[in-house]
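Residue numbers (the UniProt record's numbering): 1 to 91.
Note that beta-carbon positions come from the ideal geometry of N, C-alpha and C, so glycine has one too.
Everything below concerns the one structure shown next.
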Amino acid sequence: TAQERRSQFQFVFELNSNYFAKEEQMYGFVPKGGKTNVTLFRKPGKVTNEKMTIQFAAVDESATDPKASFATGRPYGEFAGETIVNLVPTE
């Protein structure tokens, strides 16, 4: 099942987004049944709501490149998919 597999993730922001994450947090691995923490930042000034996509895919324990499953622009693997997140400014 998905919780029994190590997975990798990728964050995809809209073109010219006012939101971002540090480059080293844009891709990564999540351990079996685990979680990961990522800090999102917003550029200064008034911004509107935006969407961010989190892509994910199962990988073998031996995988070392967190970008590998996303080389085609779409996640692939035993299980793969994406989640859309609404980013809403609070100021």
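First and last residue of the beta strand (DSSP E) that includes residue i?
i, result
"Q8", "6-13"
"Q55", "50-59"
"Y27", "27-30"
"G81", "80-87"
"F70", "Premise fails: F70 is in no beta strand (DSSP E) and is neither H nor E."
"A63", "That residue, A63, is in no beta strand (DSSP E); it is neither H nor E in DSSP."
"Y19", "19-21"
Measuring CA to CA, which of the options is closest to residue i?
i, options, result
"T39", "S62, F11, T48", "F11"
"T64", "T83, A80, G28", "G28"
"F9", "V88, G77, P89", "G77"
Compute the minimum distance between the beta carbon of residue i and the heavy atoms of the ligand FMN, and state whether it is under 7 Å.
i, result
"D60", "Of the ligands one can find in the structure shown there are none, so the ligand FMN has no counterpart to examine."
Report, in whole angstroms, the separation of the C-beta atoms of residue i and residue j, which I expect to be a contact under 8 Å.
i, j, result
"N16", "R42", "So it is not a contact: roughly 13 Å between Cβ atoms."
At least 3 beta-carbon pairs within less than 8 Å: the segment 21-36 vs the segment 80-89
No contact exists between the segment 21-36 and the segment 80-89.
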